[in-house]
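Participant: Dropping a structure here in structure tokens format, bear with me for questions.
Number of protein chains: 2
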Amino acid sequence: MSVDIKKVAEKAGVSIATVSRVFSNSDLVRQPTKDKVLKVSKELNYIPNPIARSLSRQLTDTIGVVLPDLVGEFFMDIIHGIDEEAYKQNWFVLVSSSHSKRNILETLIEFMGSGRVDGVILMVPQIDERIHEIIRRSKRPIVLINAGGDTNSSANFKIDNFQGAYNIVEHLIKKHNYKKVGLVEGPKDNYDAIDRSNGYLKALQKYGLNKNGSMITTGDFSVESGYHGFKKLISNKVKPDAVFMANDMMAVGAYQAAKEMDIRIPENIAVVGFDDIYLSQFLHPRLTTVHVPIVELGSKSVIHLLEMVSNKKKKNKPFTEILPTSLVIGRSCGCK
Amino acid sequence: MSVDIKKVAEKAGVSIATVSRVFSNSDLVRQPTKDKVLKVSKELNYIPNPIARSLSRQLTDTIGVVLPDLVGEFFMDIIHGIDEEAYKQNWFVLVSSSHSKRNILETLIEFMGSGRVDGVILMVPQIDERIHEIIRRSKRPIVLINAGGDTNSSANFKIDNFQGAYNIVEHLIKKHNYKKVGLVEGPKDNYDAIDRSNGYLKALQKYGLNKNGSMITTGDFSVESGYHGFKKLISNKVKPDAVFMANDMMAVGAYQAAKEMDIRIPENIAVVGFDDIYLSQFLHPRLTTVHVPIVELGSKSVIHLLEMVSNKKKKNKPFTEILPTSLVIGRSCGCK
DNA sequence: CTGAAAGCGCTTACAG
DNA sequence: CTGAAAGCGCTTACAG
Numbered sequence: 002m003s004v005d006i007k008k009v010a011e012k013a014g015v016s017i018a019t020v021s022r023v024f025s026n027s028d029l030v031r032q033p034t035k036d037k038v039l040k041v042s043k044e045l046n047y048i049p050n051p052i053a054r055s056l057s058r059q060l061t062d063t064i065g066v067v068l069p070d071l072v073g074e075f076f077m078d079i080i081h082g083i084d085e086e087a088y089k090q091n092w093f094v095l096v097s098s099s100h101s102k103r104n105i106l107e108t109l110i111e112f113m114g115s116g117r118v119d120g121v122i123l124m125v126p127q128i129d130e131r132i133h134e135i136i137r138r139s140k141r142p143i144v145l146i147n148a149g150g151d152t153n154s155s156a157n158f159k160i161d162n163f164q165g166a167y168n169i170v171e172h173l174i175k176k177h178n179y180k181k182v183g184l185v186e187g188p189k190d191n192y193d194a195i196d197r198s199n200g201y202l203k204a205l206q207k208y209g210l211n212k213n214g215s216m217i218t219t220g221d222f223s224v225e226s227g228y229h230g231f232k233k234l235i236s237n238k239v240k241p242d243a244v245f246m247a248n249d250m251m252a253v254g255a256y257q258a259a260k261e262m263d264i265r266i267p268e269n270i271a272v273v274g275f276d277d278i279y280l281s282q283f284l285h286p287r288l289t290t291v292h293v294p295i296v297e298l299g300s301k302s303v304i305h306l307l308e309m310v311s312n313k314k315k316k317n318k319p320f321t322e323i324l325p326t327s328l329v330i331g332r333s334c335g336c337k
Numbered sequence: 002m003s004v005d006i007k008k009v010a011e012k013a014g015v016s017i018a019t020v021s022r023v024f025s026n027s028d029l030v031r032q033p034t035k036d037k038v039l040k041v042s043k044e045l046n047y048i049p050n051p052i053a054r055s056l057s058r059q060l061t062d063t064i065g066v067v068l069p070d071l072v073g074e075f076f077m078d079i080i081h082g083i084d085e086e087a088y089k090q091n092w093f094v095l096v097s098s099s100h101s102k103r104n105i106l107e108t109l110i111e112f113m114g115s116g117r118v119d120g121v122i123l124m125v126p127q128i129d130e131r132i133h134e135i136i137r138r139s140k141r142p143i144v145l146i147n148a149g150g151d152t153n154s155s156a157n158f159k160i161d162n163f164q165g166a167y168n169i170v171e172h173l174i175k176k177h178n179y180k181k182v183g184l185v186e187g188p189k190d191n192y193d194a195i196d197r198s199n200g201y202l203k204a205l206q207k208y209g210l211n212k213n214g215s216m217i218t219t220g221d222f223s224v225e226s227g228y229h230g231f232k233k234l235i236s237n238k239v240k241p242d243a244v245f246m247a248n249d250m251m252a253v254g255a256y257q258a259a260k261e262m263d264i265r266i267p268e269n270i271a272v273v274g275f276d277d278i279y280l281s282q283f284l285h286p287r288l289t290t291v292h293v294p295i296v297e298l299g300s301k302s303v304i305h306l307l308e309m310v311s312n313k314k315k316k317n318k319p320f321t322e323i324l325p326t327s328l329v330i331g332r333s334c335g336c337k
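So the sequences go chain by chain: A and B. Using this note's numbering, the letters of the first sequence correspond one by one to residues 2 to 337. Using this note's numbering, the letters of the second sequence correspond one by one to residues 2 to 337.
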């Protein structure tokens, strides 16, 4: 610090314009001049001030990340993917999340309205008219991650919940020949949960298993709700021979319930989950589940956002990419 | 955007100086003037440009966070604590981590040398002379988190690994009366691991248990090394009746080994860990371990850093705070 | 290929 | 209490 472009120019015997050009890699500078400037800069330990640069160029080389929360591996992986990709492209990452005291919308508006970032990656459970409004009016691009609601007029990256659920239920039916597959679904108002339930239903239908209402119960993605949901299903008159827990946390609850009731997985009943959380590999037996590419979700969002920033992608052209999931086979489904 | 201080000044019939003063809450402005400016600003949707503000004030209201990695709950909690506290105080957070391609030192230098942040929270496994050099020469304050090595000349926040280990081993000895307490320690060059080993040794000494070399083996904090370390200890001539795994991940390995060998925890042997990772509450039996206040580590660092930034704390006055841990009692130690 | 100068949008000492 | 003006450290169209 303290050493600025003027000092360098002076010492190198050139104008500040030339110094500036050297550092922005302009090809308007002759090699000898460039060498001299670079040499002096090294001696003086000069680093161009990014703030001044930002003010002048009206660009910050920084992307904002707005998340609903900063807890759990999901968000860690997202940030990880974003940071890694941003770094590759020489960008900075400003993070922000909502807390009790903070409102996502406010943060978003602050980010967008100020010159602090050139674009934003936004993750909200559901996009509503106010968010659409912000996206529409904003000069800076926004990429949405896993947003529910009407995403037809924005840039989106999502996880293929439907297909993931379909695949794992199909695995239960086709590979293991289970006829009575139960479901403990997620919250009714959660888009991920809804898509997973639909994938489940689609698989049942495809294989001609009739959809038995009593084989489905609703949880809230928590361990406890998985515990109770599982207990409820197996106390029905018609017991399922396999249960799809709509996320791994609920599957953990199912394991606890099974242990308590001396029910063996998968000998007495198969259990599968969704998310492939870190914990799931340590369950006994290892949980069969659906892997979701979270890190990739983060990095792809960055790539797309930066293309929008540089106008390689039109910022108001709607776009949606749905990232495929993959099956993680453990022993809990009956596989060896 | 696009609406700047000039437009507001014009429309409100004042100078830009006055508008500026209103937004920096100067008490040099009469209430009616202030009201008028605020009203016009609202109408025009004016938000002061933070970049211009930063350039002029030579302050960014942003802190940089440099972490060794962006994986795992530990780092998530750190960021969580930092973000929450920074937000409370109206600051922004720029994160950066090292990857394969990135070097921490480089990132740090870039952060410090540019005007991009007003201070940095740095987490490095070990601080060496080059980092001391940077801290010494930097105009902007740096707070170190959990750094090993010579931290006597910097500001530091750490976890009390020694006392935590001492306490949990004491619990094994005093509460449960175990006489042969084994240890699977962490890497020899890891400061956390060393302190934990020392806490263990101190407890043995305090209670007059002789330190039996064959009761100690070295792991690397991974699940696998815990698995092997545990097996090694129980295949000794003298079997331990309790084992302190120096972190929870290794404890997970111990559980796997025990399950495989049909050894029951805690009936046949007690097992305890360190870290209180999320997973540990789902182990059967629930793992007795040491909780470390990571979120608090992050938030305290921010508080201290901001005091340094505002010169309430002298930036070159060495400072170290060691945060206490707490015991988390599960059934794995023998407690009900 | 290089330089002088205007401009990015603020803050703040100075003068009144 | 308020304003004119210099300054923060760059970039870049313009002129040569």
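Where a beta carbon is used, it is the ideal one built from N, C-alpha and C, also for glycine. Given the structure is predicted, the values throughout are model-derived calculations rather than measurements.
List, in chain order, every chain A residue whose beta-carbon is nearer than 7 Å to that of B:F283.
Facilitator: Per Cβ cutoff of 7 Å: V253 and L280.
Participant: CA-CA distance, A:V182 and B:R287?
Facilitator: The alpha-carbon atoms of A:V182 and B:R287 are separated by roughly 31 Å.
Participant: Tell me, please, whether the segment 81-90 of chain A touches the segment 77-85 of chain B by the rule of three or more beta-carbon pairs shorter than 8 Å.
Facilitator: Because the criterion of three Cβ pairs below 8 Å is not met, the segment 81-90 of chain A and the segment 77-85 of chain B do not touch.
Participant: Between B:N191, B:E268 and B:S139, which lies nearest to B:G220 when the distance is taken from Cα to Cα?
Facilitator: Comparing Cα-Cα distances from B:G220 to each of B:N191, B:E268 and B:S139, the minimum goes to B:N191.
Participant: Measure the alpha-carbon distance for A:G299 versus A:L306 and round it to whole angstroms.
Facilitator: In a straight line, the C-alpha of A:G299 is about 11 Å away from that of A:L306.
Participant: Taking only runs that begin and end inside the segment 57-128 of chain B, name each unbroken alpha helix (DSSP H) of 4 or more residues, in chain order.
Facilitator: Listed in chain order, they are 74-89 and 105-114.
Participant: Applying the criterion that 16 or more other CB atoms from any shown protein chain within 10 Å of the CB defines a buried residue, is A:N147 buried or exposed?
Facilitator: Flag for A:N147 reads buried.
Participant: Ordered along the chain, which non-local residues of its own chain (more than five positions away) have a Cβ less than 6 Å from that of A:S21?
Facilitator: If we look at A:S21 and ignore the five residues flanking it on each side, it has no Cβ neighbours.
Participant: Can you tell me whether A:I323 is buried or exposed, with buried defined as 16 or more other CB within 10 angstroms of its CB?
Facilitator: A:I323 comes out exposed.
Participant: Could you work out which residues of chain A lie near B:L306, taking near to mean beta carbons separated by less than 7 Å?
Facilitator: Within 7 Å Cβ-Cβ: nothing; B:L306 doesn't reach chain A, min ~16 Å.
Participant: Thinking C-beta only, is A:V272 closer than 8 Å to A:M246?
Facilitator: Yes; because the gap between Cβ atoms is below 8 Å, this pair is in contact.
Participant: Taking buried to mean at least 16 other C-beta atoms within 10 Å of its own C-beta, is A:N248 buried or exposed?
Facilitator: When all chains shown are included, A:N248 counts as buried.
Participant: Taking the alpha helix (DSSP H) that A:H292 belongs to, which residues open and close that run?
Facilitator: First-last for A:H292: T290 to H292, but that is the beta strand (DSSP E), not the alpha helix (DSSP H).
Participant: Under 7 Å Cβ to Cβ from A:E74, same chain only, skipping five residues before and after it: list those, please.
Facilitator: Excluding positions up to five away in sequence, the list reads I278 and Y279.
Participant: Beta carbons nearer than 7 Å to chain B: which residues of the segment 27-59 of chain A have them?
Facilitator: So the list reads I48, N50, P51, I52, A53, S55 and L56, given in the order they occur along the chain.
Participant: So what does DSSP say about A:I278, is it helix, strand or coil?
Facilitator: Looking at A:I278 - three-state DSSP - the assignment turns out to be coil, as it is neither helix nor strand.
Participant: Using a threshold of 8 Å, state whether the C-beta atoms of B:S97 and B:V125 are closer than that.
Facilitator: Taking 8 Å as the Cβ cut-off, B:S97 and B:V125 do not qualify as a contacting pair.
Participant: Taking A:N46 as the reference, give the member of A:F76, A:R138, A:K12 and A:N168 with the closest Cα.
Facilitator: Of the candidates A:F76, A:R138, A:K12 and A:N168, the one whose C-alpha sits nearest the C-alpha of A:N46 is A:K12.
Participant: Could you name the residues of chain A that B:L71 contacts, counting a contact when the two beta carbons are closer than 7 Å?
Facilitator: The answer, in chain order, is M77, I80, H81 and D84.
Participant: Once DSSP output is grouped into helix, strand and coil, what is the label at B:E186?
Facilitator: Correct three-state label for B:E186: strand.
Participant: Between which two residues does the beta strand (DSSP E) carrying A:L145 extend?
Facilitator: Segment I143 to I146, the beta strand (DSSP E) holding A:L145.
Participant: Using a threshold of 8 Å, state whether the C-beta atoms of B:T326 and B:D161 are closer than that.
Facilitator: Yes, the pair counts as a contact, with Cβ atoms nearer than the cut-off.
Participant: If we define contact as Cβ-Cβ less than 8 Å, is B:T61 a contact residue for chain A?
Facilitator: Yes, contact with chain A.
Participant: Which residues in the same chain have their Cβ closer than 6 Å to the Cβ of A:L68, if we skip the five residues on either side of it in sequence?
Facilitator: Cβ neighbours of A:L68 beyond the five flanking positions: F76, S98 and M124.
Participant: At the 8 Å Cβ level, is B:R117 part of the contact set with chain A, yes or no?
Facilitator: With 8 Å as the cut-off, B:R117 counts as an interface residue toward chain A.
Participant: Taking the beta carbon of A:E261 as the centre, do at least 16 other beta carbons fall within 10 Å, making it buried, or is it exposed?
Facilitator: Result: exposed.
Participant: Residues of the segment 193-222 of chain B in Cβ contact with chain A at a cutoff of 8 Å, in chain order, please.
Facilitator: The segment 193-222 of chain B vs chain A, Cβ under 8 Å: nothing.
Participant: Let me know the alpha helix (DSSP H) ranges lying completely inside the segment 189-248 of chain B, each 4 residues or longer, listed in chain order.
Facilitator: Whole alpha helix (DSSP H) segments, 4+ residues: 192-207 and 224-235.
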